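What follows is a single structure, written as structure tokens, with notes after it.
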Ligand SMILES: Cc1cc2nc3c(=O)[nH]c(=O)nc-3n(C[C@H](O)[C@H](O)[C@H](O)COP(=O)(O)OP(=O)(O)OC[C@H]3O[C@@H](n4cnc5c(N)ncnc54)[C@H](O)[C@@H]3O)c2cc1C
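In our numbering, the protein residues as written are 652 to 948.
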């Protein structure tokens with residue numbers, strides 16, 4: 652289906668984009684990579700009357716280490732992040748970018764778009780929630796920094812105010828002996844995950860000193876469970892302790908039954924993914940080079 656008629660704007664600067672957002676208000680739709688917006692327009696979901704294409708704005712496409720943080724410009728594509736040496740400092744980030752959809756979508760879609768859509772099965776909302784990520788935004792009132800936990804407020808709902816744009820994502824570099832992983836189960840490449848899991852473990856010898864576990868596509872928002880993390884902290888990370896953590900966090904999840912699978916199937920897959928993410932994170936905390944990748948049906 653063709654989209655309904657719309658007007659197309661391509662501002663030359665961030666300030667001009669913010670000005671257009673203010674001018675058109677509710678009628679404005681931001682387009683970055685267009686990989687979510689264009690399909691929605693073709694399905695005639697929502698009214699995109701004034702499309703503001705920020706995709707070619709300068710200075711918002713970078714992946715670099717700055718001030719002890721991995722800094723990613725909002726217009727960085729999933730593919731550029733997956734290929735970045737800077738992003739390799741946090742394997743979970745590379746795994747998330749490298750597993751999104753297929754090569755075409757990864758080459759166009761952006762991290763700013765993927766986060767702002769706030770799809771509960773999206774790879775960036777789940778993976779970035781696992782880390783101490785902050786989201787930098789700019790709007791008519793200036794710039795502000797929002798913790799990822801506050802940025803996504805519900806399924807498809809963010810705390811972005813009218814006229815605000817995501818400009819950058821910042822993630823503190825991990826301490827030594829830290830390992831992370833993001834694993835999704837997908838029916839096929841060009842599909843959102845059926846379920847996913849992000850994990851970060853900080854180890855002191857054989858003992859886990861900090862654990863972060865997040866499930867994606869397992870409820871209306873990313874699923875976290877303090878009890879599951881506590882099942883690992885202060886203990887050795889083994890198949891037994893990982894299994895206990897998996898039981899606890901999956902019990903806290905509420906995966907919807909849909910075309911991707913029944914709730915029972917998703918719960919079973921989630922347990923498998925927690926174990927897989929845990930094994931990879933543990934190995935990486937020891938400095939082992941572990942190949943990433945998702946599970947496909
Ligand atoms: C077949 C298919 C499979 C897919 N599979 C996956 C998958 O496995 N995992 C996954 O995570 N995603 C998947 N996606 C989504 C894809 O990753 C998109 O690229 C992403 O969701 C949106 O990024 P975009 O740059 O294309 O955004 P756009 O489509 O350009 O914009 C989408 C919306 O995001 C908002 N937006 C964009 N940029 C900004 C910004 N800088 N600041 C504020 N708001 C902004 C706008 O409101 C806009 O309406 C898939 C998409 C398709 C079509």
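C-beta: ideal position from N, C-alpha, C; glycine also. Small disclaimer: the values here were computed from a predicted structure and weren't measured.
CB-CB length for residue i against residue j, believed under 8 Å
i, j, result
"residue 933", "residue 888", "5 Å"
"residue 633", "residue 882", "Outside the displayed span of the chain (652 to 948) sits residue 633, for which this structure offers no information."
"residue 899", "residue 879", "4 Å"
"residue 780", "residue 830", "Not a contact, Cβ separation roughly 17 Å."
"residue 743", "residue 778", "6 Å"
"residue 699", "residue 756", "Not really, about 19 Å apart at Cβ, beyond 8 Å."
"residue 862", "residue 884", "6 Å"
"residue 935", "residue 832", "7 Å"
"residue 828", "residue 855", "7 Å"
"residue 726", "residue 740", "So it is not a contact: roughly 21 Å between Cβ atoms."
Under 8 Å between C-beta atoms of residue i and residue j
i, j, result
"residue 691", "residue 706", "no"
"residue 655", "residue 717", "no"
"residue 922", "residue 897", "yes"
"residue 846", "residue 866", "yes"
"residue 954", "residue 712", "Past the boundaries of the shown model lies residue 954; the chain is included only from 652 to 948, so the question cannot be answered."
"residue 714", "residue 731", "yes"
"residue 673", "residue 814", "yes"
"residue 728", "residue 760", "yes"
"residue 767", "residue 809", "yes"
"residue 816", "residue 669", "yes"
"residue 924", "residue 802", "no"
"residue 789", "residue 665", "yes"
"residue 750", "residue 945", "yes"
"residue 771", "residue 870", "yes"
"residue 858", "residue 886", "yes"
"residue 704", "residue 653", "no"
"residue 943", "residue 746", "yes"
"residue 873", "residue 776", "yes"
Backbone secondary structure at residue i - three-state DSSP
i, result
"residue 629", "Look at the range of the chain in this structure, 652 to 948, and you will see that residue 629 is not part of it."
"residue 795", "strand"
"residue 943", "coil"
"residue 876", "coil"
"residue 927", "helix"
"residue 711", "coil"
"residue 816", "strand"
"residue 938", "coil"
"residue 838", "coil"
"residue 920", "helix"
"residue 668", "helix"
"residue 892", "helix"
"residue 933", "helix"
Counterpart residues of residue i in DSSP-defined beta bridges
i, result
"residue 833", "849"
"residue 660", "703"
"residue 823", "720"
"residue 887", "858"
"residue 870", "Residue 870 pairs with nothing; no bridge assigned."
"residue 803", "809"
"residue 864", "850"
"residue 909", "912"
Could you name each continuous alpha helix (DSSP H) segment of 4 residues or more that falls completely within the segment 673-708, going from the start of the chain to the end?
You should have 688-693.
In the segment 729-797, which residue ranges form an unbroken beta strand (DSSP E) of at least 3 residues, counting only runs that do not cross its ends?
Listed in chain order, the beta strand (DSSP E) elements of length 3 or more contained wholly in the segment 729-797 are 785-790.
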